[in-house]
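Structure, as structure tokens:
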Amino acid sequence: MKFTLSWLKDHLDTQASVAEIADALTDLGLEVEGIENPAERLKDFVIGKVTHAEKHPDADKLKVCKVDLPGGETQIICGAPNARAGITVVVARPGTYVPGIDTTIGVGRIRGIESHGMMCSEREMELSDEHEGIIELPSGEVGQSYPDWLAAHDPAKVDPVIEIAITPNRGDALGVRGIARDLAARGLGTLRPRPQAAFEATFPCPIGVEIAPEALDVAPHFVGRVIRGVKNGPSPQWLQDRLRAIGLRPISFLVDVTNFFTYDRNRPLHVFDAAKVRGGLRVHLAQGGETIEALDERTYTLQPGMVVISDETGPESLAGIMGGEATGVTGETVDVFVESAFWDPVRVAHTGRALKINSDARYRFERGVDPAFTAEGCDLACAMILDHAGGEVSEIVVAGAAPDMSRAYRLDPARVVSLVGMEIPAETQRATLEALGFVMDGDMARVPSWRSDVQGEADLVEEVARIASLTKLKGRPLPVPAGLPAPVLTPMQLRAGTARRSAAALGYNECVTYSFIDRAGAALFGGGDDATRLENPISSDMSHMRPSLLPGLLRAAARNQARGMTDFALFELGDAFAGGEPGEQGSQLAGILVGRTGPKDVHGESRPVDTFDAKADAEALLAAMGAPAKAQILRGGEGWWHPGRHGRVCLGPKKVLATFGELHPAVLGAMDVKGPVVAWVIDPAAIPLPRSTGATRARLAASDLQPVERDFAFVLDRDVAAADVANAAAGADKALIDEVRVFDQFEGGALGEGRKSLAITVRLQPRGATLTEAEIEAVGRKVVEKVEKATGGTLRG
Amino acid sequence: MDDLKPKWMERIAAAETEAALEEIRVAALGKKGEVSLQMRELGKMTPEQRQEAGPALNALKSELTDAIAARKETLAAAALDARLARETIDVTLPARARRQGSIHPVTQVTEEITAIFAALGFAVAEGPQIESDWYNFDALNIPGHHPARAEMDTFYMARAEGDNRPPAVLRTHTSPVQIRSMEAQGAPIRIICPGRVYRADFDQTHTPMFHQVEGLAIDRDISMANLKWVLEEFFTRFFGTEVKTRFRASHFPFTEPSAEVDIQCEWVDGQVRVGQGDDWLEVLGSGMVHPKVLRAAGIDPDEWQGFAFGIGIDRLAMLKYGIPDLRAFFDSDLRWLRHYGFSSLDMPRLQAG
Numbered sequence: 038m039k040f041t042l043s044w045l046k047d048h049l050d051t052q053a054s055v056a057e058i059a060d061a062l063t064d065l066g067l068e069v070e071g072i073e074n075p076a077e078r079l080k081d082f083v084i085g086k087v088t089h090a091e092k093h094p095d096a097d098k099l100k101v102c103k104v105d106l107p108g109g110e111t112q113i114i115c116g117a118p119n120a121r122a123g124i125t126v127v128v129a130r131p132g133t134y135v136p137g138i139d140t141t142i143g144v145g146r147i148r149g150i151e152s153h154g155m156m157c158s159e160r161e162m163e164l165s166d167e168h169e170g171i172i173e174l175p176s177g178e179v180g181q182s183y184p185d186w187l188a189a190h191d192p193a194k195v196d197p198v199i200e201i202a203i204t205p206n207r208g209d210a211l212g213v214r215g216i217a218r219d220l221a222a223r224g225l226g227t228l229r230p231r232p233q234a235a236f237e238a239t240f241p242c243p244i245g246v247e248i249a250p251e252a253l254d255v256a257p258h259f260v261g262r263v264i265r266g267v268k269n270g271p272s273p274q275w276l277q278d279r280l281r282a283i284g285l286r287p288i289s290f291l292v293d294v295t296n297f298f299t300y301d302r303n304r305p306l307h308v309f310d311a312a313k314v315r316g317g318l319r320v321h322l323a324q325g326g327e328t329i330e331a332l333d334e335r336t337y338t339l340q341p342g343m344v345v346i347s348d349e350t351g352p353e354s355l356a357g358i359m360g361g362e363a364t365g366v367t368g369e370t371v372d373v374f375v376e377s378a379f380w381d382p383v384r385v386a387h388t389g390r391a392l393k394i395n396s397d398a399r400y401r402f403e404r405g406v407d408p409a410f411t412a413e414g415c416d417l418a419c420a421m422i423l424d425h426a427g428g429e430v431s432e433i434v435v436a437g438a439a440p441d442m443s444r445a446y447r448l449d450p451a452r453v454v455s456l457v458g459m460e461i462p463a464e465t466q467r468a469t470l471e472a473l474g475f476v477m478d479g480d481m482a483r484v485p486s487w488r489s490d491v492q493g494e495a496d497l498v499e500e501v502a503r504i505a506s507l508t509k510l511k512g513r514p515l516p517v518p519a520g521l522p523a524p525v526l527t528p529m530q531l532r533a534g535t536a537r538r539s540a541a542a543l544g545y546n547e548c549v550t551y552s553f554i555d556r557a558g559a560a561l562f563g564g565g566d567d568a569t570r571l572e573n574p575i576s577s578d579m580s581h582m583r584p585s586l587l588p589g590l591l592r593a594a595a596r597n598q599a600r601g602m603t604d605f606a607l608f609e610l611g612d613a614f615a616g617g618e619p620g621e622q623g624s625q626l627a628g629i630l631v632g633r634t635g636p637k638d639v640h641g642e643s644r645p646v647d648t649f650d651a652k653a654d655a656e657a658l659l660a661a662m663g664a665p666a667k668a669q670i671l672r673g674g675e676g677w678w679h680p681g682r683h684g685r686v687c688l689g690p691k692k693v694l695a696t697f698g699e700l701h702p703a704v705l706g707a708m709d710v711k712g713p714v715v716a717w718v719i720d721p722a723a724i725p726l727p728r729s730t731g732a733t734r735a736r737l738a739a740s741d742l743q744p745v746e747r748d749f750a751f752v753l754d755r756d757v758a759a760a761d762v763a764n765a766a767a768g769a770d771k772a773l774i775d776e777v778r779v780f781d782q783f784e785g786g787a788l789g790e791g792r793k794s795l796a797i798t799v800r801l802q803p804r805g806a807t808l809t810e811a812e813i814e815a816v817g818r819k820v821v822e823k824v825e826k827a828t829g830g831t832l833r834g
Numbered sequence: 075m076d077d078l079k080p081k082w083m084e085r086i087a088a089a090e091t092e093a094a095l096e097e098i099r100v101a102a103l104g105k106k107g108e109v110s111l112q113m114r115e116l117g118k119m120t121p122e123q124r125q126e127a128g129p130a131l132n133a134l135k136s137e138l139t140d141a142i143a144a145r146k147e148t149l150a151a152a153a154l155d156a157r158l159a160r161e162t163i164d165v166t167l168p169a170r171a172r173r174q175g176s177i178h179p180v181t182q183v184t185e186e187i188t189a190i191f192a193a194l195g196f197a198v199a200e201g202p203q204i205e206s207d208w209y210n211f212d213a214l215n216i217p218g219h220h221p222a223r224a225e226m227d228t229f230y231m232a233r234a235e236g237d238n239r240p241p242a243v244l245r246t247h248t249s250p251v252q253i254r255s256m257e258a259q260g261a262p263i264r265i266i267c268p269g270r271v272y273r274a275d276f277d278q279t280h281t282p283m284f285h286q287v288e289g290l291a292i293d294r295d296i297s298m299a300n301l302k303w304v305l306e307e308f309f310t311r312f313f314g315t316e317v318k319t320r321f322r323a324s325h326f327p328f329t330e331p332s333a334e335v336d337i338q339c340e341w342v343d344g345q346v347r348v349g350q351g352d353d354w355l356e357v358l359g360s361g362m363v364h365p366k367v368l369r370a371a372g373i374d375p376d377e378w379q380g381f382a383f384g385i386g387i388d389r390l391a392m393l394k395y396g397i398p399d400l401r402a403f404f405d406s407d408l409r410w411l412r413h414y415g416f417s418s419l420d421m422p423r424l425q426a427g
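One line per chain: the protein sequences are P and W, in this order. Numbering-wise, my numbering comes out as the position in the first sequence, counting from 1, plus 37. Numbering-wise, my numbering comes out as the position in the second sequence, counting from 1, plus 74.
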């Protein structure tokens with residue numbers, strides 16, 4: 038919302054400066070977004086008098102002028118045809134910036150003669166397009182500041198323009214008078230009396246209006262007058278100046294009048310060329326399928342329920358949104374019908390959205406115009422038309438009636454103080470509401486018709502608080518429970534924090550990637566279906582909720598590879614989405630290792646990352662997050678893993694804590710990532726919480742007796758799992774065997790195709806007494822027996 | 075016998091290897107060594123002679139033994155020195171590679187915020203990112219036709235043909251978590267709700283996803299003045315310097331009265347410095363929770379009142395750590411992650427500031 042200072046002063050009698058007004062507006066909740074003050078831009082331009090002018094000896098079109106300025110007579114070379122002795126001019130002295138030519142004036146030499154400044158045209162000061170010659174002022178003293186002279190003689194040219202942001206509740210502040218009312222309530226001046234329309238209607242309105250009964254609840258009130266014999270044409274200068282200042286293009290007087298009241302009083306109006314209206318006007322709901330060419334010269338097809346104004350030939354105007362081209366006024370219009378109506382905000386919003394029309398009228402009706410001002414608005418517009426364009430006005434024609442929205446709410450001054458935390462005396466609170474147009478009746482505040490946003494007692498609190506100024510609010514300590522603050526994080530929140538810090542400690546860089554990804558990327562990881570599709574994605578790269586964190590990390594890997602990064606580790610902790618309903622999301626921790634374990638190095642240790650790197654990190658993270666040490670490693674993960682090189686860390690066949698391994702090369706290819714890439718995905722919620730909540734640990738059982746280790750090697754079928762061998766060995770004597778470690782494996786060779794050798798170390802921990810050789814032998818035999826039985830392998834001789 | 079000592083001492087001192095030294099030991103002190111043979115002569119001597127020669131020979135033997143041991147040690151030390159000298163390596167070679175991980179600024183700042191609010195008794199609440207329009211809008215006093223709904227640039231989930239339920243939305247703020255928490259817990263309540271939020275906006279300063287933390291405190295007599303104190307405490311601790319705030323009246327459907335909050339700042343070389351200077355930077359929306367919102371969440375507004383606020387986590391990270399571009403937060407450029415990231419052990423703690 039833009040307005041000028043002089044426009045504001047039409048409604049507000051004030052001595053406040055632009056800066057004071059701007060500060061107050063922002064504080065009141067009408068946040069100032071910009072102030073354009075032409076006087077500020079012109080402050081260095083001064084008035085001078087040309088005392089002498091003669092032709093430049095070396096140039097036909099230039100004159101050498103002597104100009105009286107505060108510093109004395111000054112020589113200025115000028116090319117303007119009207120430069121001559123005796124005129125009063127506007128001068129940019131050396132050092133002055135001239136906006137129209139984007140130049141700072143210096144002392145120059147023009148064809149050998151010094152020039153100490155520039156006499157300006159209006160265009161050079163960006164005041165108008167006038168550039169026929171330099172400005173000749175009718176008055177003005179030597180040395181007087183030009184913007185001061187303008188303020189006194191041509192104020193529109195230095196009228197500051199203020200732009201404010203309007204919150205959706207403040208429809209009333211979309212009119213300059215509403216803004217003035219807020220400022221007056223704040224004490225920045227007094228609100229001037231409402232202008233009254235004074236004219237005499239001389240004939241009954243020749244255009245009848247009616248509202249179809251089914252439309253009455255969304256189109257309750259429609260009024261109008263016809264003015265005969267007007268002379269349309271350009272608006273008076275002051276009106277053109279105002280509209281231009283706020284960024285509107287003057288069109289013709291009749292149209293400009295409607296725009297003026299739209300901004301002056303938040304009262305959108307429409308003018309029909311009465312000669313083009315066939316029969317009366319009828320307000321009704323569209324059947325659907327009708328078309329209308331609107332004033333923006335585009336044709337719209339109506340949907341059932343939209344409110345339209347039709348004459349005998351069909352729809353002529355979209356109620357509250359835009360008029361029709363066919364009955365619009367032109368320069369030739371002689372008889373005009375001035376419409377003022379009240380439309381339901383919700384219906385206007387729906388229609389506007391459906392037809393994708395953004396107009397000043399729609400914007401205002403959506404946010405609330407004053408339903409009690411409909412007829413008065415019409416009359417004020419008619420009075421202005423009569424004043425400037427002549428003609429005679431008809432009696433008013435009315436359909437429906439202004440909706441009764443009267444309501445009152447209790448003002449509880451103590452509650453206001455309690456909510457805001459500021460001591461605002463009850464009397465001040467009442468006075469504030471009255472200044473805003475509320476009518477106090479005991480402790481009940483009757484809401485003014487223009488404040489459709491005020492819908493309860495809480496709104497009264499807001500009004501009192503913002504006029505009292507929240508800037509003055511002083512902080513007051515929030516009571517904090519006595520004693521040390523209690524811990525607030527839940528076990529799962531703590532687990533998430535530990536997981537992140539542990540992953541970073543393992544050398545992974547944490548990423549935060551978008552929760553939505555492209556369909557193809559999502560489809561590779563089991564998503565990309567319609568359930569997780571966005572209706573209105575911002576781009577096709579972000580069309581589906583991610584089914585897994587892996588595609589986002591792989592896309593990040595591809596971007597980093599494109600930047601020349603080869604070996605790195607990324608992780609993310611965040612939610613993945615199984616469906617598109619609330620609750621169909623789950624936390625996931627995922628990481629990828631890309632390339633080699635490190636750059637090629639002098640120690641010869643760099644090697645491609647592999648499944649066991651991923652396994653090590655997954656196990657370390659599971660341990661950090663409190664997972665039990667004993668978990669099964671099963672195959673059978675999803676299709677995006679390398680089928681033979683991944684494992685699922687499970688507690689039982691259905692409880693999957695994590696999956697680790699190599700990603701499927703086809704998936705990497707589709708994601709444009711250069712391998713090798715290994716990954717792990719952990720489900721933090723699947724890890725059981727510890728059963729005991731106490732801090733006490735079990736007693737450490739450490740034996741003083743030295744443990745004994747024995748190695749065994751078995752020849753096995755290639756697909757026997759090492760874990761099965763180790764588990765079988767451990768089962769040989771659960772009391773004595775402390776640990777079984779697989780330490781060697783080789784395949785083929787002398788063993789034959791499909792066979793492998795696996796070597797294990799069994800560590801025995803004696804408890805009561807040192808083991809004898811015979812006891813050790815006995816355990817060894819049992820180990821061999823168990824492993825051979827469980828795996829079908831044989832001890833390697 | 076007197077000349078024996080200098081002779082052997084000289085030879086011991088001249089020995090250059092352990093083998094040579096052993097030869098000397100055998101020649102002097104071995105069974106048939108010169109000193110041993112002389113000692114064998116003792117038996118043939120008169121008691122008087124023996125009295126004199128015995129101790130002298132014993133002393134000589136012990137002196138030679140010591141000298142040999144000392145020489146041996148010297149030789150061993152020299153040999154070790156020589157070996158170590160041969161073992162010299164170029165210590166300017168690079169160390170073994172070790173990956174350096176990092177924590178994302180969003181995580182770091184979220185934990186910083188959590189630590190401060192935990193000390194004021196605020197718990198951390200979480201909730202769904204895909205929300206029903208009731209939780210995201212209606213419960214927050216934003217009815218279907220409200221212009222605020224259109225202004226929020228909401229992402230909607232697709233509905234199948236014929237499914238006429240209102241579409242689920244990607245939450246535009248974490249306020250739905252406030253509603254769910256109040257429903258579950260009632261009043262009094264103090265929570266912060268950090269998390270991802272979504273708005274269909276993508277330009278220089280907007281990303282379609284960002285992070286927000288909202289705060290909620292409901293009790294018998296909490297006021298806007300308490301809110302101002304909480305925010306000033308928070309900003310002061312968060313930025314590590316006293317930060318003044320300025321409240322300006324504003325409007326949000328879910329609070330009444332509502333205020334935009336500015337923090338004190340100064341612009342130096344294009345970078346903003348919080349907590350100094352005379353400028354104000356708008357960072358936050360806040361207000362007293364609207365009675366309709368309390369009622370929607372099952373709390374009686376005649377009994378309870380309190381404040382709510384919301385602020386961008388990414389924005390706070392940018393302000394505190396001088397990170398220029400929001401979009402880079404979600405690009406996962408390793409150079410950015412390493413430069414703006416945090417060490418795994420750099421955990422925010424109040425006692426550390």
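Each residue gets a CB set at the ideal place from its N, CA and C atoms; glycine is no exception. These numbers were taken from a predicted model, which means no experiment stands behind them.
Excluding the 5 residues flanking it on each side, leucine 591 of chain P has same chain C-beta neighbours closer than 6 Å at Met708 and Val710, in chain order. Judged by DSSP secondary structure, glycine 85 of chain P falls within the beta strand (DSSP E) whose first and last residues are 83-92. Along the length of the region 244-302 of chain W, whole alpha helix (DSSP H) runs at least 4 residues long occupy 249-259, reported in chain order. With a minimum length of 4 residues, the unbroken runs of alpha helix (DSSP H) contained wholly in the region 77-164 of chain W fall at 78-88, 92-103, 108-114 and 121-160.
The bridge partners DSSP lists for lysine 692 of chain P are P:Leu688. Taking the beta carbon of threonine 181 of chain W as reference, the chain P residues within 7 Å of it are Arg537 and Glu547, listed in sequence order. In the three-state DSSP reduction, methionine 708 of chain P falls in the coil class, being neither helix nor strand. Per DSSP, isoleucine 216 of chain P has no beta bridge partner at all. With contacts defined by Cβ atoms closer than 8 Å, arginine 145 of chain W and alanine 93 of chain W do not form a contacting pair. For the 8 Å CB-CB criterion, glutamate 200 of chain P and glutamate 57 of chain P do not form a contact. One finds Glu618 and Pro619 in chain P with Cβ atoms closer than 9 Å to the Cβ of serine 206 of chain W, taken in chain order. Taking each of P:Arg148, P:Ala120 and P:Leu164 in turn and checking the Cα distance to isoleucine 138 of chain P, the smallest one comes out for P:Leu164. With contact defined as three or more Cβ pairs closer than 8 Å, the region 106-119 of chain W and the region 165-172 of chain W are not in contact.
Assignment of methionine 529 of chain P by DSSP, reduced to helix, strand and coil, places it in the helix class. Counting only runs that start and end inside the region 710-734 of chain P, the beta strand (DSSP E) elements of at least 3 residues fall at 714-719.
Of the candidates P:Pro522, P:Val260, P:Phe309 and P:Arg734, P:Val260 places its Cα closest to the Cα of alanine 412 of chain P. Measuring C-alpha to C-alpha distances from arginine 488 of chain P to each of P:Asp480, P:Phe475, P:Met481 and P:Val498 identifies P:Phe475 as the nearest.
One Cα belongs to proline 574 of chain P, the other to aspartate 275 of chain W, and the distance between them is close to 10 Å. Comparing C-alpha distances from leucine 194 of chain W to each of P:Gly317, P:Asp50 and P:Val517 shows the shortest one belongs to P:Val517.
With its beta carbon less than 8 Å from one in chain W, asparagine 597 of chain P belongs to the interface.
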